[in-house]
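As numbered in this note's numbering, residues 3 to 170 make up the sequence shown, in order.
By construction, the Cβ of each residue, glycine as well, lies at the ideal position given by its N, Cα and C atoms.
Inspection log for the structure reproduced underneath, given as structure tokens.
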Amino acid sequence: MSRPPENPSDFSSEPSGAGSADGSDASSHSVSKGVPASRPREVSALSLIVAAEAAALLVAAGWYAVQLTTGAPVLSFWGAVFTLALLLSFSAWLFAVAYFLFRGFRWPRAGALVAQLFVLTIGFPTLTGGYIVAGLAMLVPAAVALVLLFRKSVISFASRAGGAPPAL
3 MSRPPENPSD FSSEPSGAGS ADGSDASSHS VSKGVPASRP REVSALSLIV
53 AAEAAALLVA AGWYAVQLTT GAPVLSFWGA VFTLALLLSF SAWLFAVAYF
103 LFRGFRWPRA GALVAQLFVL TIGFPTLTGG YIVAGLAMLV PAAVALVLLF
153 RKSVISFASR AGGAPPAL
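Okay, here's the thing in structure tokens:
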């Protein structure tokens, strides 16, 4: 016996009972494929943490841009522009991770894990360097996000595979 093909369009980001465009109830599709019909609170909290980190990076990029335009001394102007581009790119990437994690896709879990490991890598030296508030502001959300990433409810909800529709 073969399984029916999984189509990402079968899953809906609408609340249960809202139905899909073809008139069928999307929640019955998601329950039958092992994905919970409702979004766990852990997924919402994890998405919020990642989005807050993305917003913090965006604020840091804005502050960096203001410093760059007001004539703060830098060793290399183009190196500073590159750093600004990295901050903006990483912020956009984290916003995408938060959005698609909230929708239940599989790939953002790895992105969120890597981001939390980067935050921990920066947070520990910040904390031990005497900036206790800034260090804790980085470490506590990252630790909470790491715990939430490995919760069974998060793993079971965020298991939707994204992909192209069938070719034929």
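- Query: What are the boundary residues of the alpha helix (DSSP H) that includes R105?
  - Reply: Note, R105: alpha helix (DSSP H), F79 to R105.
- Item | Contact under 9 Å by Cβ, L86 with L150 | No; because the gap between Cβ atoms is not below 9 Å, this pair is not in contact.
- Message: By the three-class DSSP mapping on this structure, what secondary structure does R108 have?
- Response: Coil at R108, not helix or strand.
- Chain-order list of residues whose beta-carbon lies under 8 Å from that of R111 (same chain, five-residue window excluded): If we look at R111 and ignore the five residues flanking it on each side, its Cβ neighbours are L103, L151, V156, I157 and A160.
- Query: Just to confirm, are W172 and A56 a CB contact at a threshold of 9 Å?
  - Reply: In the structure as shown, the chain begins at 3 and stops at 170. Residue 172 is therefore absent and cannot be evaluated.
- Message: Would you say G132 lies against chain B (beta-carbon separation less than 9 Å)?
- Response: Chain labels in this structure do not include chain B; a single protein chain is all it has.
- Name the one or two DSSP bridge partners that R43 has. Under DSSP, R43 takes part in no beta bridge, so it has no partner.
- Item | Pair within 9 Å by beta-carbon distance, A136 and T128 | Cβ atoms of A136 and T128: closer than 9 Å.
- Output the boundary residues of the alpha helix (DSSP H) element that contains G131. Counting along the chain, G131 falls outside any alpha helix (DSSP H), and DSSP gives it neither H nor E.
- Query: Can you give the Cα-Cα distance for R105 and W80, rounded to whole angstroms?
  - Reply: For R105 and W80, the distance between alpha carbons rounds to 37 Å.
- With a threshold of 16 other CB atoms inside 10 Å of the CB of P75, please say whether the residue is buried or exposed. With fewer than 16 neighbouring CB atoms inside 10 Å of its own CB, P75 falls in the exposed class.
- Message: Check for me: the alpha helix (DSSP H) holding S161 runs from which residue to which?
- Response: Neither: S161 is in no alpha helix (DSSP H) and is coded neither H nor E.
- Item | For L90 and V61, the rounded distance between their alpha carbons | Near 10 Å, if we compare the C-alpha coordinates of L90 and V61.
- Going along the chain, which residues of its own chain have a beta-carbon closer than 8 Å to the beta-carbon of L141, five neighbours each way excluded? Excluding positions up to five away in sequence, the list reads V121, L122, G125, F126 and L129.
- Message: Looking only at its chain, what residues have a beta carbon closer than 7 Å to the beta carbon of R178, apart from the 5 residues adjacent to it on each side?
- Response: Residue 178 is absent from the model: the chain starts at 3 and stops at 170.
- Query: Can you give the Cα-Cα distance for R227 and F107, rounded to whole angstroms?
  - Reply: No information on residue 227 is available, as it lies outside the stretch 3 to 170 that the chain covers here.
- Query: Helix, strand or coil for P143 per DSSP?
  - Reply: Here P143 sits in helix by DSSP.
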